[in-house]
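Asks: Numbering (this note's numbering), first residue to last: 15 to 136. Yeah, the Cβ is synthetic: ideal placement off N, Cα and C, and Gly gets one too. This structure is a prediction, so every number in the text was calculated from the model and none was measured.
#1: How is residue 38 classed by DSSP in three states: helix, strand or coil?
#2: So is residue 93 buried or exposed if we call it buried at 16+ other beta carbons inside 10 Å?
#3: Which term fits residue 70, buried or exposed, when burial requires 16 or more other beta carbons within 10 angstroms of its beta carbon?
#4: For residue 88 and residue 75, which I take to be in contact (beta-carbon distance under 8 angstroms), what is that distance rounded to the nearest angstrom?
#5: Apart from the five residues just before and just after residue 43, which ones in its own chain have a Cβ nearer than 6 angstroms to its Cβ?
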């Protein structure tokens, strides 16, 4: 009886310690006229999904980087689930969206809009 319990516990520990499914994310930042925007700040946060807790191992769940000359930011592998993407670039409106990621590879195209004219109610 004790050996069965130990065997079941070992199998449970192996299942918990298994790596969660991961996604390679590529974010392409462009203007409305499809021109790439370089040096835009891209912030990606893992919001929720499958369990990311592991015994003694910490998983990185937040990234901040800049786009390259082609307007592309390649994010290191992250757990699948809900992901928050924020893009900030001078001269454009800030972009933010939460997406569901369930594929091993995903490309997200972000189109930044020019700033809105100032509005006054007085």
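Replies: Result, derived from the coordinates:
#1: Translated into the one-based positions of the chain shown, residue 38 becomes position 24. The answer is strand: DSSP assigns residue 38 an E or B state.
#2: Counted from its first residue, the chain shown places residue 93 at position 79. Residue 93 is buried by the Cβ-count criterion.
#3: Taking the chain shown and counting its residues from 1, one reaches residue 70 at position 56. Residue confidence is low: residue 70 scores 46 on pLDDT, short of 50, so the model does not pin down where it sits. Its coordinate-derived value is still stated next. It is exposed - the Cβ of residue 70 has fewer than 16 other Cβ atoms within 10 Å.
#4: On the chain shown, residue 88 is found 74 positions in, with the first residue counted as 1. On the chain shown, residue 75 is found 61 positions in, with the first residue counted as 1. The pair is not a contact, with the Cβ atoms about 17 angstroms apart (cut-off 8 angstroms).
#5: Here residue 43 is taken as the residue at index 29 of the chain shown, counted from 1. Closer than 6 angstroms at the Cβ level, and outside the excluded window around residue 43, lie 51, 54, 81, 85, 101 and 124.
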